[in-house]
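There are 2 protein chains.
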Amino acid sequence: MNDKPILSLRLDFHSGLPIYIQIMNQIEQQVSGGVLKADTQLPTVRALAAELRVNFNTVARAYRLLDEAGVISTQQGRGTYIIEKPPPEVEKKLRSQTLEALARQYIGEAKRLKFSDAEISQMMKAQLKSWEETQETNLE
Amino acid sequence: MNDKPILSLRLDFHSGLPIYIQIMNQIEQQVSGGVLKADTQLPTVRALAAELRVNFNTVARAYRLLDEAGVISTQQGRGTYIIEKPPPEVEKKLRSQTLEALARQYIGEAKRLKFSDAEISQMMKAQLKSWEETQETNLE
DNA sequence: TGACAATCATACAATTAGTACAATTCTGAG
DNA sequence: CTCAGAATTGTACTAATTGTATGATTGTCA
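Those protein sequences? They're chains A and P, same order as listed. So in the numbering used here, spot 94 of the first sequence is number 753, and the numbers just go up one at a time. So in the numbering used here, spot 35 of the second sequence is number 694, and the numbers just go up one at a time.
What follows is the structure in structure tokens.
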């Protein structure tokens, strides 16, 4: 049993602070502290759970909250990864630029495929509307 | 032994979009965009898999879906080819599917960055309007 | 003791990888 | 020229790895 220090977390089981909160906090700290860099894959829920001697659902819960907080990205069947997160002030300044770049990228591709402005904005409208329901990947 | 970019695909392993979907979407785009012409042989599942550093079954899955969609023709023992002439209805469907995929890609990214629906569609509107003028300065 | 949050157990779903196989093409001995 | 066998290509099925969903259990505290 080689104890590989996948991710070094110090849990206090008697602190009264829920485990999943402790996990969440410490990962957040390590991310903002630069210990965990963008695109780094975190241990799987099972691996981390084994290392911490807790149920993997507890880890999953922490991961889910971190995902909702935009710190990490969890993907079924693939794994969990740190998300690039720009500093707060820079983020605000860059936000609209980022969205603009995204929009222009979309428009550029669509234009290249000879779609009209009407088609482009119509599809955008439709997909925005049906986003929640059709979260499933577009398979068909 | 420079790895020739047989088929230039850009995979994002952390986007949340499955690899096989990304492969499928991008090939669809290149076909409907005219980058990949009829009768062109695509890389073999193994070659493309090696280039993308994924399992060849992942590529095979994308190929199979594209085959079922009538975009390509996969032939055991021979290879994979762009369909000579996509049936009109397939082409039409393909075009709209492609646009849909593009739109969802944009929305997905924007959502991930916590932009609201309003912001997303507003930016789209604005960029569509200013597309022509700003194109001169943004030629690739 | 009862309510509620935290944790755990179990079953499930999605994605990718592994292995064996079948169809086709290529190659070279005869 | 022919044909056996290797090489190449896609296919099918299965296994492994990952996160998800849901309900049961446990523990704490008013």
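Virtual Cβ for every residue (Gly too), placed ideally from N, Cα, C. For clarity, every value in this text was computed on a predicted model and none was experimentally measured.
List the residues of chain P that residue i touches, going by C-beta distances under 7 Å, in chain order.
i          : result
Tyr-740(A) : His-673
Ile-766(A) : Gln-786, Leu-787, Trp-790
Please list the partners that residue i has in chain A, where partner means a Cβ-to-Cβ separation under 8 Å.
i          : result
Lys-773(P) : Gly-729
Below 8 Å on the Cβ atoms is my contact criterion, and I expect residue i with residue j to pass it. Report the Cβ-Cβ distance as a whole number of Å.
i          : j          : result
Asp-776(P) : Leu-787(A) : 5 Å
Thr-699(P) : Tyr-740(P) : 7 Å
Met-683(P) : Leu-725(P) : 6 Å
Tyr-679(A) : Ala-709(A) : About 16 Å; that fails the 8 Å criterion.
Can the beta-carbon of residue i be found less than 8 Å from the beta-carbon of residue j?
i          : j          : result
Lys-751(P) : Ala-697(P) : no
Glu-687(P) : Gln-764(P) : no
Val-704(A) : Phe-715(A) : yes
Glu-727(A) : Leu-758(P) : no
Ala-719(P) : Met-782(A) : no
Gly-692(P) : Leu-772(A) : yes
Gln-685(A) : Leu-668(A) : yes
Show which residues of chain P have a CB atom less than 9 Å away from the CB atom of residue i.
i          : result
Ser-732(A) : His-673, Ser-674, Gly-675, Arg-771
Ser-780(A) : Ser-780, Met-783, Lys-784, Leu-787
Ile-678(A) : The contacting residues do not exist; Ile-678(A) stays about 26 Å from chain P at best.
Just how far apart, CA to CA, sit residue i and residue j?
i          : j          : result
Thr-717(A) : Leu-666(A) : 16 Å
Arg-754(A) : Phe-774(P) : 9 Å
Arg-723(P) : Ala-706(P) : 16 Å
His-673(A) : Ala-769(P) : 41 Å
Pro-677(A) : Val-713(A) : 12 Å
Ile-766(P) : Leu-695(P) : 26 Å
Ser-789(P) : Ala-785(A) : 22 Å
Gln-735(P) : Val-690(P) : 21 Å
Asn-797(A) : Ser-780(A) : Note that Asn-797(A) scores a pLDDT of 36, beneath 50, so its modelled location is shaky; the value from the coordinates is reported in the next line. So the two alpha carbons sit approximately 19 Å from each other.
Pro-746(P) : Ala-760(P) : 20 Å
Gly-738(P) : Ile-742(A) : 38 Å
Ser-732(P) : Glu-748(P) : 17 Å
Leu-681(P) : Gln-681(A) : The residue you asked about is not Leu; residue 681(P) is Gln in the sequence shown. About 36 Å.
Whose Cβ in chain A lies nearer than 9 Å to the Cβ of residue i?
i          : result
Glu-759(P) : Met-782, Ala-785, Gln-786, Asn-797
Under 7 Å Cβ-Cβ, which residues of chain A neighbour residue i?
i          : result
Asp-776(P) : Leu-787
When Cβ atoms are compared, which residues of the stretch 687 to 716 of chain P fall closer than 8 Å to chain A? Gln-688, Ser-691, Gly-692
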